[in-house]
Each structure stands twice: as C-alpha cells, then as structure tokens.
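If you count the sequence shown from 1, position 178 lands on 231 in this note's numbering, and the numbers rise without skipping.
Data first, discussion second: the structure below is written as structure tokens.
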Amino acid sequence: MSAPTTNQKLLDWVAEIAEMTTPDQIVWCDGSKEEYDRLMAEMVESGAAIKLNEEKRPNSYAFNSDPSDVARVENRTYIASVKEEDAGPTNNWIDPEELKETMRGLYKGCMKGRTMYIIPFSMGPVGSTIAKNAIEITDSAYVVTNMHIMTRVTPEVLRLIEKEDFFIPCLHSVGAPLEEGQKDVRWPCAPIEKKYIAHFPEENLIWSFGSGYGGNALLGKKCLALRIASAMAGREGWMAEHMLILRFTNPEGKQFHIAAAFPSACGKTNLAMLQSTVPGWKVETIGDDIAWMKPGEDGRLYAINPEAGFFGVAPGTSEASNPMALAACSKDTIFTNVVVTEDNDVWWEDMGYDCPGGGGTDWKNNPWKQADGEKGAHPNSRFTAAAANCPVVCPDWEDPAGVPIDIFVFGGKRTSVMPLVHEAFDFEQGVYMGATASSEPTAAALDLGNVSLRFDPFAMTPFIGYHAGDYMQHWFDMGEKLGDKAPRVFYVNWFQKDGKKFLWPGFGDNSRVLKWMCDRVEGKVEARETPIGLMPIDGDLTLDGLDIPAEDWEKLMKVDNEAFLNTVEDAKAYLAKFGDKLPAKMNEQLKKLEARLKA
Ligand code: OXD
Ligand code: MN
Numbered sequence: 054m055s056a057p058t059t060n061q062k063l064l065d066w067v068a069e070i071a072e073m074t075t076p077d078q079i080v081w082c083d084g085s086k087e088e089y090d091r092l093m094a095e096m097v098e099s100g101a102a103i104k105l106n107e108e109k110r111p112n113s114y115a116f117n118s119d120p121s122d123v124a125r126v127e128n129r130t131y132i133a134s135v136k137e138e139d140a141g142p143t144n145n146w147i148d149p150e151e152l153k154e155t156m157r158g159l160y161k162g163c164m165k166g167r168t169m170y171i172i173p174f175s176m177g178p179v180g181s182t183i184a185k186n187a188i189e190i191t192d193s194a195y196v197v198t199n200m201h202i203m204t205r206v207t208p209e210v211l212r213l214i215e216k217e218d219f220f221i222p223c224l225h226s227v228g229a230p231l232e233e234g235q236k237d238v239r240w241p242c243a244p245i246e247k248k249y250i251a252h253f254p255e256e257n258l259i260w261s262f263g264s265g266y267g268g269n270a271l272l273g274k275k276c277l278a279l280r281i282a283s284a285m286a287g288r289e290g291w292m293a294e295h296m297l298i299l300r301f302t303n304p305e306g307k308q309f310h311i312a313a314a315f316p317s318a319c320g321k322t323n324l325a326m327l328q329s330t331v332p333g334w335k336v337e338t339i340g341d342d343i344a345w346m347k348p349g350e351d352g353r354l355y356a357i358n359p360e361a362g363f364f365g366v367a368p369g370t371s372e373a374s375n376p377m378a379l380a381a382c383s384k385d386t387i388f389t390n391v392v393v394t395e396d397n398d399v400w401w402e403d404m405g406y407d408c409p410g411g412g413g414t415d416w417k418n419n420p421w422k423q424a425d426g427e428k429g430a431h432p433n434s435r436f437t438a439a440a441a442n443c444p445v446v447c448p449d450w451e452d453p454a455g456v457p458i459d460i461f462v463f464g465g466k467r468t469s470v471m472p473l474v475h476e477a478f479d480f481e482q483g484v485y486m487g488a489t490a491s492s493e494p495t496a497a498a499l500d501l502g503n504v505s506l507r508f509d510p511f512a513m514t515p516f517i518g519y520h521a522g523d524y525m526q527h528w529f530d531m532g533e534k535l536g537d538k539a540p541r542v543f544y545v546n547w548f549q550k551d552g553k554k555f556l557w558p559g560f561g562d563n564s565r566v567l568k569w570m571c572d573r574v575e576g577k578v579e580a581r582e583t584p585i586g587l588m589p590i591d592g593d594l595t596l597d598g599l600d601i602p603a604e605d606w607e608k609l610m611k612v613d614n615e616a617f618l619n620t621v622e623d624a625k626a627y628l629a630k631f632g633d634k635l636p637a638k639m640n641e642q643l644k645k646l647e648a649r650l651k652a
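Okay, structure coming up:
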C-alpha cells in the first residue's frame, strides 16, 4: 500500500518503526465503515471476536482478553522525563535512554507475522484549536476497531499533519510475534514483566508494549489525553483533566456546564448521564472521562471532550444506575470480558436482571452458570460505545469551540465526616479541595495498612505526566489567569452511611445538589459559612418528594470540626511527600483551614 501522506516526519517515523518491528504488511487506516467491518470479519473468522445477535445487539462484538491482561498496569507505567525530579513522587521513572534501549530490544521483530496498522486520529473535534492530531501504530486489529469508536480516525488528520508538520507519535505492540506457520492465540500479549507503558513527555512520545487492554493499548485515552496532554498543558497554559463534562439546563433554558473529577468507583459515568429528578432541569452529556480546557477570548475556560466514545465499566451498569449508558451500548458496541449468553447477547453482574438462560460463556471463554456463584464478567469488563449513540449526548457536543465551564466538582467516597456538598470560598481553596480529594480504602485495598484515607489529587494520581507538585501549582496559576471568570468549585460526597444504609439516595437525585450549585452561580441563593466552606441554607437544596428523616439530613450536612481536623492531619501526611514542590499556596490553605476548624 502506498503511503497516503507526503509528511516527511511521519513517513520517516513509519519507516523507522517498520524497520525495527518487521511486520508482514503495513496498512494505513482510514477510519471507514468498510475498514471496521473488514477487520471485525477477520477477527470473527480467526476466533478473536464473537459476533453478537444482530436482532438484539446490532453491529456489536464481544472479545475475551487473556486472563493476565485485564486492566491498566500502573506498576509497569513510566514517565521517562529527562530528569527524575520532573516525574515526581506519583510516577515510576526510568532514564529515557535506558528505557528506550530496553524497549527497542523488545520491539525488535515484535510485529513478525502480523500487520502493522497506522491510525491517523484526532483527540477532539477535527480541526478544533483545542484538539491534537496523532498517529497510533499498532499490530492489533482490536485496537484499530476500538480507536474507531473512541477517537476520530480519518485521513483529514493526515491533511492537518501535513499543514502543521506536527503529530503525537504513539507506538503500540501486543508484543507477541508469530513464527512462520504459528497459529495466533485469541488475545496475544506479553507477560507482565515485559509490559511497558512508557511516556517521554519532553518528546510528546508514547511507547507501549505487551498489553492489548484498554488504557494500555488505546493510546489516545490515558496515555495521550491525560499523561502527555497534562504535561503539554502545564507547559502551554491549558488543562487536561480526568473529568466528565455535562450540561445542566434549567426550566428557563439557561445552560450551566459542569466538569467533575472523581476517583474510580464513584459513579463518574453515571453522573455524566444522570436523569435529573428536579422537575424541568435536564442533564446532557458532553464527556464521561476526560476534559481538555483552554481559556477563550472572553476569558472563560472552554472545555472539549477529546474522546468520541465511552470505554465504560460494564458491571453495575443497569436500567436503575445508568439507563443512558445501556442505551448507548444497545448497538455498534465492542464488549470486552463480559458474559456472552446462550442467544449471543451480553450480560454482566448487577445488570439489573439474572443472566437469561441462566448462563453462557464467561469472560475466560469457559461455559458458565450463574447459579454456581462465580462472577461471569470480569469486574473491569468494558463496553466501547459511541458517544453519538448516547440518547442524552448534547446536540453540540462536538462544537470545536467547546463549552464554557461554570462549575468544577470534586469528590470522593467517605462514609462519614465529609458532608454532602460544600462550596469553596474562592478558587484557591477549590484547588486545595481538588488536591486533597480522598476516598476511604475499599475492601480491595486493605493492604494499605493503617492508612485511613487514600488521596487522589484531582482523581489524576495515575495520570499526571509530570511532577504532581508542579501540577498543583499549575492549577493555582490557571486560577490566577482566569481571575473572576474562573469556575466556582464544589466538593461532594454521595456516600455517607448510617450502618449499612446510605443517607443520600444518589443517582438521579444528585441533580438536586447540582441544581443548588447552579443556583449559587446565578446568585439565586445565599449560603452559610462553615469552617470548611459554604453550605446550603436549609430549604435551598430541594428535597421535595424525598423521604429523608430530619436526623439523616442533619448528618448529611454536619461539619464535625474534630473529625475534619483528622482529615487535615491525613492530608498533611500525604502532602509531605511533595517536599519543596508543594506549592506555598497549599500550605497557606492548610493553615487557614486548620485555623477555621480550631476557632
Ligand atoms: C478509566 C479509568 O478507565 O479511570 O477511565 O481507569
Ligand atoms: Mn477514567
């Protein structure tokens, strides 16, 4: 196939990679439906993919990964900045030259027996001033088809690369060359000790080896849109954040745009597609995972969703928790590691009903019966669904100009201490709130010993492509730049409990809390001052139709100074690891908060 571009930088890079990896053939991808259908047909033919029941789940496919390759591998993920201190305490670091030498050894001949696909893609609406053009080279057809859904794959990107002479190079291999005549396995990958997810921030370069799964392999997502982009954004004065973006419209038609960051397992995708229970107020989705934001000409902060699809966790997605996500994956979807039912549809745990027929084929590709009690879907099983198929996607979600952000929301999972909602006194306190966002350890993280809280600054811990202290400083700098046009900042906790019972109903009723935030932004309601921030005056946060006993509401809104001081102690202990790089403004915020709590 002759190369469909004249850009010499790109041609040279492709030639260099082809020489190193020695694929049997090279295919330049065009993102067309024909290409998608052809690759899927090949994967069905080879046994890698299962075509799902066309009547129940049109144009959809299921894959089972290798049991060793089921999630992002944070301990094999590296920020290989030139200087170690630039990677900071939240990242693994290896000297870039040393890492490249190791990885060149692994890449040598690694595409033997395979096809090398060259994917031109845009993160963000093609041509948007906030978007970035990139090329992923991969030897996985599964990756190509997922990239079709998750990003914009189109030859138009090649035209932009020719014009700008710039692209972000992303190299990926499953790391499983095939000998002459060797039959491929269903899900090729390399053993854990050979997996590397490497980022070279000074070169805007990504090298991934050995895994075919999710964020390890779909390099537009966490590697580019968060790790590399956060480093670029830090240098260039914009923001790349692990945030959903939604539009909340009031009965008068006024729109509010909210960007929200939560650590995993806090219902981020559910919030992005929430069904409002406040009469006349409507939520529409712009993104469920990543926001890229730049100050616009009017001085406000404009956000785009750099992705084009949702790579959502399947288990727990049900008509009750997220009907809009279910609708988005009712067709044109790739499922990975779910149960395939006897009639070739999909099922997962907590889907809201028992597995039809009582069983099927589990994520390990074995016959499976629900009654036996083992999980059928992997807890990190996923759907890859087009955002355009989500019934509540904003009609203008692809507007290249983005949407002006009014509100930032941070949160975590605390069964006590942290009230339902509080607002920062100002942006700087908001940065403190984001930087100290924390959750109680779950049962899966009991190995953390006596650590009482897990801090996850801005829900970005595994995704900050540079020193987390510098990243916090960048947040303060953005606040200064935006001045009084900066978004208002709120902190929420949907998860307070009394014994086993949640005090707040959550899900659609979270819209009541969002409405209070919008009313604050509009100046419709006052707030009461507490040591930790501004909180609703009773009656302003609508509880009509909810059956919340007065004592529960009191607990939801309580600020226990003593208990909060313990959280501050935990925060101090956590922040100590940033040493000199901890912004002075963080220490200032800590001191002020402590003083207010002790007053
Ligand atoms: C994701 C994650 O997959 O945050 O979105 O891990
Ligand atoms: Mn995420």
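C-beta: ideal position from N, C-alpha, C; glycine also.
Just to confirm the assignment, what range does the beta strand (DSSP E) spanning I387 have? I387 to T389
Do you know how far the Cα of P494 is from the Cα of G502? Note that G502 has pLDDT 48, beneath the 50 cutoff, so the model's placement of it is unreliable and no number is given.
Is the beta carbon of H431 within less than 8 Å of some heavy atom of ligand 1? no
Would the C-beta of S317 count as close to ligand 2, meaning under 8 Å from any of its heavy atoms? yes
Going by alpha carbons, who is nearest to I585 out of K568, M610, G290 and V578? M610
Please tell me whether W416 and A430 are closer than 9 Å, where the distance is taken between their beta carbons. yes
Pick helix, strand or coil for P142, following the three-state DSSP scheme. coil
Would DSSP call Q482 helix, strand or coil? Secondary structure at Q482: helix, using DSSP grouped into helix, strand and coil.
Within its chain, find whatever has a CB closer than 8 Å to the CB of D398; leave out the 5 residues flanking it on each side and keep chain order. L105, N106, K109, R110 and P409
State buried or exposed for Q526, treating a residue as buried only when at least 16 other CB atoms are found within 10 Å of its CB. buried
Range covered by the beta strand (DSSP E) that runs through N186: K185 to T191
Please check the pair F116 and A102, which I expect to be a contact at CB under 8 Å, by giving their CB distance rounded to whole angstroms. Contact between F116 and A102 holds, with the beta-carbon distance rounding to 6 Å and staying under 8 Å.
Could you work out which residue in D452, M96, V135 and A229 is closest to E360 when comparing CA atoms only? D452
Excluding the 5 residues preceding and the 5 following L506 in the sequence, name in chain order all residues of the same chain whose CB lies nearer than 6 Å to its CB. Same-chain partners within the cutoff: S491 and D623.
Which whole-angstrom value is the C-beta distance of M169 and A187, which I expect to be below 8 Å? No, M169 and A187 are not in contact; Cβ-Cβ is about 16 Å, not under 8 Å.
Please confirm whether any heavy atom of ligand 2 lies closer than 8 Å to the CB of I517. Distance from the C-beta of I517 to the nearest heavy atom of ligand 2 is not below 8 Å.
Output the distance between the C-alpha atoms of V474 and L594, rounded to the nearest integer angstrom. 10 Å
Give a yes or no on contact between the region 252 to 259 and the region 305 to 317, applying the rule of three or more CB pairs nearer than 8 Å. no
By DSSP, does D90 sit in helix, in strand, or in coil? Note: D90 maps to helix in three-state DSSP.
Restricting to runs no shorter than 3 residues, where is the beta strand (DSSP E) found entirely within the region 55 to 134? 78 to 81, 102 to 104, 114 to 116 and 130 to 132
Own chain residues within Cβ distance below 8 Å of D500, not counting five before or after: The pLDDT assigned to D500 is 48, lower than 50, so where the model puts this residue is not dependable, and the model offers no usable value.
Residue ranges of each beta strand (DSSP E) within the region 316 to 395, 3 or longer: 335 to 340, 344 to 348, 354 to 357, 362 to 366, 387 to 389 and 392 to 394
Taking 9 Å as the threshold (C-beta atoms), are K274 and V126 in contact? no
Sort E402, Q549 and P636 by Cα distance to V612 and report the nearest one. Looking at the Cα atoms, Q549 is the closest of the given residues.
Excluding the 5 residues flanking N653 on each side, which residues of the same chain have their C-beta closer than 8 Å to its C-beta? Absent from the model: residue 653. The displayed extent of the chain is 54 to 652, so no value can be given.
When the Cα atoms are used, what is the spatial distance from E604 to R573? For E604 and R573, the distance between alpha carbons rounds to 25 Å.
Considering only DSSP beta bridges, list what T437 is partnered with. F364 and I387
6 Å CB neighbourhood of M404 in its chain, flanking five on each side removed: S371
With respect to 8 Å, is the separation between the Cβ of R507 and the closest non-hydrogen atom of ligand 1 below this value? no
What ranges does the alpha helix (DSSP H) occupy inside the region 235 to 292, keeping only unbroken runs of at least 4 residues that lie completely in it? 267 to 270 and 282 to 289
Where the alpha helix (DSSP H) containing Y406 begins and where it ends: First-last for Y406: undefined, no H or E at that position.
Considering T583, what are the terminal residues of the beta strand (DSSP E) in which it resides? For T583, the enclosing beta strand (DSSP E) starts and ends at A580 to T583.
Within 6 Å of ligand 2: residues by beta-carbon to any heavy atom: H295 and D342
Through-space distance from N442 to C382, alpha-carbon basis: 8 Å
With DSSP as the reference, please indicate the residues paired to G30 in a beta bridge. This structure cannot speak to residue 30, because the chain is shown only from 54 to 652.
In the DSSP output, what is K645 paired with across the bridge? K645 pairs with nothing; no bridge assigned.
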